[in-house]
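So that you can map any letter, position 293 of the sequence shown is 293 in the UniProt record's numbering, and since no number is skipped, the others follow by simple counting. Encoded as structure tokens, the structure appears first; notes follow it.
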Amino acid sequence: MQEKSKSAFADGNMMARAMKDAFVKLAPRTQAKNPVMLLVYISAILTTGLYFLSLFGIRDQRPGYIIGVAIVLWFTVLFANFAEAIAEGRGKAQADTLRAAKRDVEAHKIPSAGQKDAITVIPSAKLKKGDIVIVKSGEQVPGDGEVIEGAASVDESAITGESAPVIRESGGDRSAVTGGTTVISDWLVIQITSEAGESFLDKMIAMVEGAARKKTPNEIALQILLVALSIIFVLVTVSLFTYSDFSAKQAGMSNPSSITSLVALLVCLAPTTIGALLSAIGIAGMSRLNQANVLAMSGRAIEAAGDVDILLLDKTGTITLGNRQASEFIPVDGVSPEELADAAQLSSLADETPEGRSIVVLAKEKFGIRGRSMSDLNIEFIPFTAKSRMSGVNYNGNEIRKGAADAIQEYVAEQGGSFSAQCEEVVKAIANQGGTPLVVAKNRKLLGVIYLKDIIKQGVKEKFADLRKMGIKTIMITGDNPLTAAAIAAEAGVDDFLAEATPEGKLKLIRDYQAKGHLVAMTGDGTNDAPALAQADVAVAMNSGTQAAKEAGNMVDLDSSPTKLIDIVRIGKQLLMTRGSLTTFSIANDVAKYFAIIPALFMAVYPGLSALNIMGLHSAESAIFSAILYNALIIIALIPLALRGVKYREVPASKLLSRNLLVYGVGGMVIPFIAIKLIDMILVGIGLF
Numbered sequence: 001m002q003e004k005s006k007s008a009f010a011d012g013n014m015m016a017r018a019m020k021d022a023f024v025k026l027a028p029r030t031q032a033k034n035p036v037m038l039l040v041y042i043s044a045i046l047t048t049g050l051y052f053l054s055l056f057g058i059r060d061q062r063p064g065y066i067i068g069v070a071i072v073l074w075f076t077v078l079f080a081n082f083a084e085a086i087a088e089g090r091g092k093a094q095a096d097t098l099r100a101a102k103r104d105v106e107a108h109k110i111p112s113a114g115q116k117d118a119i120t121v122i123p124s125a126k127l128k129k130g131d132i133v134i135v136k137s138g139e140q141v142p143g144d145g146e147v148i149e150g151a152a153s154v155d156e157s158a159i160t161g162e163s164a165p166v167i168r169e170s171g172g173d174r175s176a177v178t179g180g181t182t183v184i185s186d187w188l189v190i191q192i193t194s195e196a197g198e199s200f201l202d203k204m205i206a207m208v209e210g211a212a213r214k215k216t217p218n219e220i221a222l223q224i225l226l227v228a229l230s231i232i233f234v235l236v237t238v239s240l241f242t243y244s245d246f247s248a249k250q251a252g253m254s255n256p257s258s259i260t261s262l263v264a265l266l267v268c269l270a271p272t273t274i275g276a277l278l279s280a281i282g283i284a285g286m287s288r289l290n291q292a293n294v295l296a297m298s299g300r301a302i303e304a305a306g307d308v309d310i311l312l313l314d315k316t317g318t319i320t321l322g323n324r325q326a327s328e329f330i331p332v333d334g335v336s337p338e339e340l341a342d343a344a345q346l347s348s349l350a351d352e353t354p355e356g357r358s359i360v361v362l363a364k365e366k367f368g369i370r371g372r373s374m375s376d377l378n379i380e381f382i383p384f385t386a387k388s389r390m391s392g393v394n395y396n397g398n399e400i401r402k403g404a405a406d407a408i409q410e411y412v413a414e415q416g417g418s419f420s421a422q423c424e425e426v427v428k429a430i431a432n433q434g435g436t437p438l439v440v441a442k443n444r445k446l447l448g449v450i451y452l453k454d455i456i457k458q459g460v461k462e463k464f465a466d467l468r469k470m471g472i473k474t475i476m477i478t479g480d481n482p483l484t485a486a487a488i489a490a491e492a493g494v495d496d497f498l499a500e501a502t503p504e505g506k507l508k509l510i511r512d513y514q515a516k517g518h519l520v521a522m523t524g525d526g527t528n529d530a531p532a533l534a535q536a537d538v539a540v541a542m543n544s545g546t547q548a549a550k551e552a553g554n555m556v557d558l559d560s561s562p563t564k565l566i567d568i569v570r571i572g573k574q575l576l577m578t579r580g581s582l583t584t585f586s587i588a589n590d591v592a593k594y595f596a597i598i599p600a601l602f603m604a605v606y607p608g609l610s611a612l613n614i615m616g617l618h619s620a621e622s623a624i625f626s627a628i629l630y631n632a633l634i635i636i637a638l639i640p641l642a643l644r645g646v647k648y649r650e651v652p653a654s655k656l657l658s659r660n661l662l663v664y665g666v667g668g669m670v671i672p673f674i675a676i677k678l679i680d681m682i683l684v685g686i687g688l689f
């Protein structure tokens, strides 16, 4: 999934495949999916037929001119096919890589997690939803599932492209595993969660190669508009032929407009540029998302990301680094800082969390307190649990506990002690500053408070300022109390926050904003996030999260990076901008081509049109041929832009609209005049006209 810097045009194999696919897509059934290009396809067939008729004396125009028009029209169709094929190319290359990772392996099926020795070896293709398997070090995970027992390092590079292994374990929000990944240490007992052929890897392959891509509502609406314009131009072209024929007879002359010229005129006036590139723009947008290691379950989700105006962001891992660090020991009730630091370090020696390690380091750095002999102390470590919300150590008749303020208050009260007013003031002061207070007690006596500080990620405040310029409101979601949440929200620069967040609270918040007409995006990784993810317009589930979260989301972030949501919004907005810009350019092109062709074509019948022949084209034939040649070449010229996308800037939508109208609207009017005149001069110069 990691071909991030390689251009499609720089890959020879991809180019060769796209050229082959361009011819394969000439099948009528494929062409019928794009009504605008179907019109060009039929026009190419018609002019080819007119050429063969001209060989037998049934002449609409001279044969050389007719075959020239036919060839250019066929190239126009091929260029449109090539644009779509080259956009699909990277997806197909990614699909090939994923297929290589997907292979049938031996699955070690067991009756239950408690019967790990009763193994039945079967092919992974025969696994069913609900089956339980055991996977040991060096073995490949045979199918998607949830870890129900064990913890192990897993190599997910075949899926994410990231070489560093990740930890997968039972319980919590890191329990999902993907078929095709490899266990590289320890063992896992996994319950299979998908049927054969319906795994996450199967869905990824279908999505990245475009096989599962459906047209989005916006694409369908735009295509209806393009079809309507094409029908109008068909009627205009037929009307021009009948009026010019009538006028020519009235003037006693032959009709200067032939069927070949009018067919070419129709193709030039129809919105062929955006018609040719519309599918490629959508596929390229999905490809850019794939390159960012995000799998979209539908094109609709990408478009919705472009329209999002509310972002719900988890605090931990998104706004903060996620690892709270001990920054200060604050003693209370006459206790010395050294005594507090010594007790805090002793209670944290077996704590392998980043917070626990930071307490040990801070005590060593500030007071020179180093490790001690565990055997001499007859030590017993008390692990942290969600129920007790504290941890600690017992040694030589002493008890040290550290944990949440209310948990320690309850613990001290049960032991006959009391929670001092000074300690309560320190706890409140730390919470008001956005920190997390850990209270330390020894033998029923309060020693003081450890100040754990959430570190705001560098550059996050600037990112939120950019999002604000784009008209997007950011809301931080956290389980912290309101005072802590408010302090962090102010430091990070978010617009609002939801403190003490629960699954029901998240769901209600999303529904409230949606009821007001907003489009909401959020990230999540746990089963408790599933209801809110299912409700959000753009729901990004973490690949490391639970199966329930992945099934509820409409996107899966393979890197499991909560900050990816900001990039997804940019990609969605870039997709909408690219489509809008190239549509503007295409329609402006059509207007310019109208002024380039109509005067030259009908001047003989309507002499007054000579005033509009501002380009001074050589003849009606050279004008037509130059215009359709430009019409074909501009498709090729715009393919890189369609694949890369229009450059996105974090400015208000009104400024973006004004700029794009100027660049692509005015540019779309000016470029055809210059290009068609140059082509006309070259064609005349080499003696073709």
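For each residue, glycine too, the CB sits at the ideal point set by N, CA and C. Because the structure is a prediction, the values reported are computed rather than measured.
Nearest to MET542 (by Cα), restricted to the options ALA534, GLN535, VAL556 and LYS366: Locating residue 542 in the sequence shown gives position 542, counting from the first residue. The shortest Cα separation from MET542 among ALA534, GLN535, VAL556 and LYS366 belongs to VAL556.
Can you name, in chain order, every residue of its own chain whose Cβ lies under 7 Å from the Cβ of ALA532, other than the five neighbours on each side? Taking the first residue of the sequence shown as 1, we reach residue 532 at position 532. Once the five neighbours on either side are set aside, the close Cβ partners of ALA532 are PRO503, LYS506, LEU507, ILE510, MET522 and GLY524.
Quick check on ILE42 - is its C-beta less than 8 Å from some C-beta in chain C? This model lacks chain C altogether, as it is built from one protein chain only.
Which ranges does the alpha helix (DSSP H) cover as unbroken runs of at least 4 residues, wholly within the segment 285-350, from first to last along the chain? 299-307 and 337-348
In the DSSP assignment, find the unbroken beta strand (DSSP E) run with SER561 in it and report its ends. The sequence position of residue 561 within the sequence shown is 561, counting from 1. Where SER561 is concerned, there is no enclosing beta strand (DSSP E), given that its DSSP letter is neither H nor E.
Do you know how far the Cα of TYR395 is from the Cα of LYS387? Locating residue 387 in the sequence shown gives position 387, where the first residue counts as 1. Locating residue 395 in the sequence shown gives position 395, where the first residue counts as 1. In a straight line, the C-alpha of LYS387 is about 23 Å away from that of TYR395.
To the nearest angstrom, report how far apart VAL154 and ASP454 are at their CA atoms. If you number the sequence shown from 1, residue 154 lands on position 154. If you number the sequence shown from 1, residue 454 lands on position 454. Cα-Cα distance, rounded: 29 Å.
Can you tell me the Cα-Cα spacing of LYS136 and SER185, whole angstroms? Here residue 136 corresponds to residue number 136 of the sequence shown, with the count starting at 1. Here residue 185 corresponds to residue number 185 of the sequence shown, with the count starting at 1. The alpha-carbon atoms of LYS136 and SER185 are separated by roughly 7 Å.
Return the first residue and the last residue of the beta strand (DSSP E) that TYR395 is part of. As a first step, residue 395 is located in the sequence shown; it is residue number 395 there, counting from the start. Per DSSP, TYR395 belongs to the beta strand (DSSP E) from 390-395.
Taking a contact to mean a Cβ-Cβ separation below 8 Å, would you say ALA305 touches ILE475 in this structure? Taking the sequence shown and counting its residues from 1, the one referred to as residue 305 is at position 305. Taking the sequence shown and counting its residues from 1, the one referred to as residue 475 is at position 475. Result no, Cβ atoms of ALA305 and ILE475 do not sit closer than 8 Å.
To which residues does DSSP link GLN140 through a beta bridge? Taking the first residue of the sequence shown as 1, we reach residue 140 at position 140. BP columns for GLN140 point to THR182.
Checking 8 Å against the spacing of the C-beta atoms, do ILE310 and LEU438 come in under that value? On the sequence shown, position 310 is the one that residue 310 refers to. On the sequence shown, position 438 is the one that residue 438 refers to. Contact: no.
Cα-Cα separation between ALA492 and ARG649, rounded to whole angstroms: Taking the sequence shown and counting its residues from 1, one reaches residue 492 at position 492. Taking the sequence shown and counting its residues from 1, one reaches residue 649 at position 649. Cα to Cα, ALA492 sits roughly 22 Å from ARG649.
Counting only the same chain and skipping the five closest in sequence on each side, list residues whose C-beta sits under 7 Å from that of ILE359. Your numbering for residue 359 matches position 359 in the sequence shown. Once the five neighbours on either side are set aside, the close Cβ partners of ILE359 are ALA326, ALA344, GLN345, SER348 and ILE450.
My output table needs one value for THR30: the three-state DSSP class, helix, strand or coil. As a first step, residue 30 must be located in the sequence shown, where it is residue number 30. In this structure, THR30 counts as helix in the three-state DSSP scheme.
Near ASN660, which residues of its chain fall below 6 Å by C-beta distance, leaving aside the five closest residues on each side in sequence? Position 660 of the sequence shown, counted from the start, is the residue given in the question as residue 660. Excluding sequence neighbours, ASN660 sits near SER581.
What is the residue span of the beta strand (DSSP E) that LEU452 lies within? As a working note, residue 452 is residue 452 in the sequence shown. LEU452 -> beta strand (DSSP E) spans 445-453.
Candidates ILE614, SER247 and ALA548: which alpha carbon is nearest VAL670's? Locating residue 670 in the sequence shown gives position 670, counting from the first residue. Taking only the C-alpha atoms, the option nearest VAL670 is ILE614.
Quick one: grab the DSSP three-state call for PHE689. On the sequence shown, residue 689 is found 689 positions in, with the first residue counted as 1. The answer is coil: DSSP assigns PHE689 none of H, G, I, E or B.
In whole angstroms, what is the alpha-carbon distance linking ILE122 and LYS128? To locate residue 122, count along the sequence shown from 1; it is residue 122. To locate residue 128, count along the sequence shown from 1; it is residue 128. Going from the Cα of ILE122 to the Cα of LYS128 covers about 11 Å.
Same chain only: Cβ atoms within 6 Å of PRO331, ignoring 5 sequence neighbours per side: Here residue 331 refers to the residue found at position 331 of the sequence shown. PRO337, LEU340 and GLY448.
At what residues does the alpha helix (DSSP H) containing ALA620 begin and finish? Walking along the sequence shown from the start, residue 620 turns up at place 620. Note, ALA620: alpha helix (DSSP H), 620-644.
Go ahead and label LYS6 buried or exposed: buried means 16 or more other beta carbons lie within 10 angstroms of its beta carbon, across all protein chains shown. Counting from 1 along the sequence shown, the entry for residue 6 is found at position 6. Bear in mind that the predicted position of LYS6 carries a pLDDT of just 47, short of 50, making it unreliable; the figure below should be weighed with that in mind. Per the 10 Å Cβ criterion, exposed.
Got a sec? Which residues, its chain only, sit under 6 Å from ALA264 by beta carbon, not counting five neighbours each side? As a first step, residue 264 is located in the sequence shown; it is residue number 264 there, counting from the start. VAL69, ILE624 and ILE628, listed in sequence order.
For ARG570, collect the residues of the same chain with a Cβ closer than 7 Å to its Cβ; drop the 5 residues on either side in sequence, then sort them by chain order. Here residue 570 corresponds to residue number 570 of the sequence shown, with the count starting at 1. Excluding residues within five positions, the ones whose Cβ falls inside 7 Å are TYR648.
Would the C-beta of PRO672 count as close to the ligand PLP, meaning under 7 Å from any of its heavy atoms? Absence of the ligand PLP is noted for the structure shown, with no ligands found whatsoever.
One question on the structure: do ALA152 and VAL183 come within less than 8 Å of each other, judged by their Cβ atoms? What you label residue 152 is simply residue 152 of the sequence shown in a count that begins at 1. What you label residue 183 is simply residue 183 of the sequence shown in a count that begins at 1. Cβ distance < 8 Å, so ALA152 and VAL183 count as in contact.
I need the DSSP call for MET681, collapsed to helix, strand or coil. Along the sequence shown, read from residue 1 onward, the residue named residue 681 stands at position 681. MET681: helix per DSSP, three-state reduction.
Whole angstroms are fine: how far does the CA of THR546 sit from the CA of GLY138? Looking up residue 138 in the sequence shown gives position 138. Looking up residue 546 in the sequence shown gives position 546. C-alpha separation (whole angstroms): 23 Å.
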